[in-house]
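Enquirer:
Residue numbers (our numbering): 1 to 127.
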């Protein structure tokens, strides 16, 4: 299991990890600038359906911008954890987060077990 962990404190992995996080953050920032522009709904012109569609497009753009901004924040936090030598360590149990999880979710702060517990996965109550 120790070989599955991205050890930010040794070898060349910190550089690769940091570069991957920076590249992903740049991609998110670029998408935020290009995709998150909120279209203006033409309320004065068009029928009810045109207005409704315009409002739906505005809401989708706002939601997209919010999601991208949240992702950028999480990536900046991951970069800060990397700089402090805490990247790849579960914030709940203190164990190493497997490299496969960090590859899939670079801004992960918890291991799969703790994340599942936090989300309540598998703890369905019977009626």
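All C-beta atoms, glycine included, are put in the ideal place defined by N, C-alpha and C.
1. By alpha-carbon positions, which one of 50, 48, 90 and 76 ends up nearest to residue 113?
2. In angstroms with no decimal places, state the Cα-to-Cα distance between residue 119 and residue 83.
3. Any idea if residue 111 is buried or exposed, counting beta-carbon neighbours within 10 angstroms, 16 or more meaning buried?
4. Beta-carbon separation of residue 88 and residue 99 under 9 Å?
5. Drop a sphere of 10 angstroms on the beta-carbon of residue 72, count the other beta-carbons inside from all chains shown, and report buried for 16 or more, exposed for fewer.
6. Do residue 109 and residue 78 have their C-beta atoms closer together than 9 Å?
7. Hey, quick one: how far does the alpha helix (DSSP H) through residue 64 stretch, first residue to last?
8. Given this structure, state the Cα-to-Cα distance separating residue 76 from residue 15, to the nearest angstrom.
9. State buried or exposed for residue 63, treating a residue as buried only when at least 16 other CB atoms are found within 10 Å of its CB.
10. Tell me the rounded alpha-carbon separation between residue 58 and residue 30.
Expert: Once the coordinates are examined:
1. Checking every option, the nearest Cα to that of residue 113 belongs to 90.
2. 28 Å
3. buried
4. yes
5. buried
6. Result yes, Cβ atoms of residue 109 and residue 78 sit closer than 9 Å.
7. Element bounds for residue 64: 48-83.
8. 15 Å
9. exposed
10. 19 Å
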